[in-house]
Amino acid sequence: MTQFTTAVLDSFFDHLQPDNRFIGMDHWYDRVQRGVQYHDTNFPVYNVIHDNKEETYTIEIALAGYSQDDINVTLDDQTLIIKGDKGDDDQNYFHKGIAYRKFEKRWTLGEFMVVDNASFEDGLLKIYLSKVIPDEKKPRTIEINGKKKSKKVVLKG
Numbered sequence: 029m030t031q032f033t034t035a036v037l038d039s040f041f042d043h044l045q046p047d048n049r050f051i052g053m054d055h056w057y058d059r060v061q062r063g064v065q066y067h068d069t070n071f072p073v074y075n076v077i078h079d080n081k082e083e084t085y086t087i088e089i090a091l092a093g094y095s096q097d098d099i100n101v102t103l104d105d106q107t108l109i110i111k112g113d114k115g116d117d118d119q120n121y122f123h124k125g126i127a128y129r130k131f132e133k134r135w136t137l138g139e140f141m142v143v144d145n146a147s148f149e150d151g152l153l154k155i156y157l158s159k160v161i162p163d164e165k166k167p168r169t170i171e172i173n174g175k176k177k178s179k180k181v182v183l184k185g
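Counting in our numbering, the sequence shown runs from 29 upward without gaps.
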């Protein structure tokens, strides 16, 4: 199994310079570079639910023990960033088995994805997203101008 380290991926992306066939695609190159530099962890656990019919997504993040004030949700250039920090408490633990650690989760959102809202209830953070395609971006039929040629039909009888 081949492992790709950050150094190997950085070297690979250094050779991918935007060229004249990808006009206006520099931002995609930059987003890939940022993704290579970010290292995700398994904490906290989450679900991503997709409703195909409505083109909506819900991200559920399990944050038992965190309060709404401990969590920050930010959208930065189509990157959804969730940060949490419970902070230090002044308890003198005999045993501490519950981890309240600082975390950061990131999702790169696709084109036309919109963050509708977020809710936090019973230790579960939910972020609601939808895909909203503007009318000018939806497929449309282009009428062809010019003289229409009529076909002559010859009937033999």
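Ideal placement from N, C-alpha and C gives every residue a C-beta, glycine not left out.
Note that the structure is predicted; figures quoted are calculated from it, not measured.
(Q) Quick test of the definition: if touching needs 3 or more C-beta pairs under 8 Å, does the segment 105–118 touch the segment 82–94? (A) At 8 Å Cβ cutoff, the stretches touch.
(Q) Taking the straight line between their C-alpha atoms, what separation do you get for V101 and K177? (A) As a working mapping, residue 101 is identified with position 73 in the sequence shown. As a working mapping, residue 177 is identified with position 149 in the sequence shown. If you draw a straight line from the Cα of V101 to the Cα of K177, it is about 60 Å long.
Q: Return the residue from the list T84, I170 and N145 that minimises the CA-CA distance to G138.
A: The count along the sequence shown starts at 1 and reaches residue 138 at position 110. Comparing Cα positions, the closest option is T84.
Q: Helix, strand or coil for E171, going by three-state DSSP, please let me know.
A: Sequence index remark: in the sequence shown, residue 171 carries index 143 (1-based). DSSP places E171 in coil when its eight states are reduced to three.
Q.
For H78, tell me which candidate among L157, K124, A146 and K130 has the shortest Cα-Cα distance.
A. Walking along the sequence shown from the start, residue 78 turns up at place 50. Out of L157, K124, A146 and K130, L157 has the C-alpha closest to the C-alpha of H78.
Q) Under three-state DSSP, which class holds E164? A) Residue mapping note: residue 164 aligns to position 136 of the sequence shown, counting from 1. E164 carries a helical assignment under DSSP once its states are collapsed to helix, strand and coil.
Q. Going by the beta-carbon positions, is the gap between T69 and F131 smaller than 8 Å?
A. Walking along the sequence shown from the start, residue 69 turns up at place 41. Walking along the sequence shown from the start, residue 131 turns up at place 103. Taking 8 Å as the cut-off, the beta carbon of T69 is found closer than this to the beta carbon of F131.
Q) Where does D144 sit, in a helix, a strand or coil, going by DSSP? A) Locating residue 144 in the sequence shown gives position 116, where the first residue counts as 1. Here D144 sits in strand by DSSP.
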